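Student: Take 63 as the starting number for the sequence shown in the numbering used here and just add one per residue. For every residue, glycine included, the Cβ atom is placed at its ideal position computed from N, Cα and C. From a predicted model like this one, the values you see are computed outputs, not experimental measurements. Would you mind keeping the following structure in view while I ask a few things?
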Amino acid sequence: MRLYLFPVDGGTSQAYEFTDYRGGYINVPAGGYRALCVNSDTESVLYRNTDSFDGLEAYAPEGVLNVGGSPAPRAEGTSGERIAGSPDRLYSDRLYDLVIEPSKESQTVTLYPALSVCRYRVTITNVSNLKYISPDGVSGALTGMSGGMLVGRNELTSDPVTVPFGVVSDGTSTLTADFLVFGQTGPEDSVHKLVIYVIMSDGSRNYYTFDVTRQVDGAPDPRDVHIMLDGLPLPKPIVNGGGFHPTVDEWQNVDVDVPM
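Have a look at this one:
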């Protein structure tokens, strides 16, 4: 666990590392502070502006949009979004008016870090020809997510990102995914597009775009969003060389209507 203390008089901020979630003992000059804490055992959460309570940002590092080791195309209209990895489980808490008393030999300060990222799940049922997907030939991405969090202010950043995620096939008719994001950028922004990338056993490549804005914006719990879709028409692979066969690098886009 990492604790940041920011003197209200504008002095230099200090960071303290604790190896135990129960905290420990530190020596701090008397005075007024704003404080925040985060778990420091994350690998896919980075920090910047750590000298500012209002500006300290947790963000996900650059991600990779690919399928089976090959680059995948972006959803239409999202070329300006950064590709960001899925963050680890981030916990945080903050105090806005901590006072360290000069007259006390010891003083206990307690913070209660809460989960600060959101869980997103995807279930797609009635997927046709799922058994013909090539090994490692399916993945996904979700657009219009927030790229990070201003930890001190407990607010999401407004920069939209696309988050790639892994997809699991049951080999019969269902695709599922379960991943973490910081959250969505806000209702005034964005269409949220869910993209499923598929490479079939004959090498043909398709990506299927669903507009899931209504499901994301209308989720009962914005911290636990379950996107449910019914129907994904994967093509049956071409056999014996017949018919049109796309080149290895050619992706075909298919927009899939989502019932209201």
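Between which two residues does the beta strand (DSSP E) harbouring Q246 extend?
Tutor: That residue, Q246, is in no beta strand (DSSP E); it is neither H nor E in DSSP.
Student: How long is the line joining the alpha carbons of P175 and T219, rounded to whole angstroms?
Tutor: For P175 and T219, the distance between alpha carbons rounds to 20 Å.
Student: Give me, in chain order, the residues of the same chain whose beta-carbon lies closer than 6 Å to that of A137; leave out the 5 immediate sequence neighbours on both sides.
Tutor: Cβ neighbours of A137 beyond the five flanking positions: T205, K255, V257 and T271.
Student: Let me make sure I understand the geometry here. Which of G202, P91 and R84 has the alpha-carbon closest to that of C99?
Tutor: Looking at the Cα atoms, R84 is the closest of the given residues.
Student: Decide yes or no for the touch test of the segment 199 to 213 against the segment 131 to 145: beta carbon pairs closer than 8 Å, at least 3 of them.
Tutor: Taking 8 Å as the limit for Cβ pairs, the verdict is that the segment 131 to 145 does touch the segment 199 to 213.
Student: Of all the options S178, L177 and V161, which has the alpha carbon lying nearest to the alpha carbon of T170?
Tutor: Closest option to T170, Cα to Cα, is V161.
Student: Considering just the uninterrupted stretch of the alpha helix (DSSP H) at R276, what are its terminal residues?
Tutor: Counting along the chain, the alpha helix (DSSP H) containing R276 begins and ends at T275 to D279.
Student: Per DSSP, Y153 is paired with what?
Tutor: Answer is L177, bridged to Y153.
Student: Looking at L296 and N191, is the spacing between their C-beta atoms short of 7 Å?
Tutor: Yes, the Cβ-Cβ distance between N191 and L296 is below 7 Å.
Student: With a threshold of 7 Å between beta carbons, is L291 in contact with chain B?
Tutor: Among the protein chains of the structure shown there is no chain B, as only one such chain exists.
Student: Out of curiosity, what's the CA-to-CA distance linking P164 and G94?
Tutor: Computed Cα separation, rounded: 11 Å.
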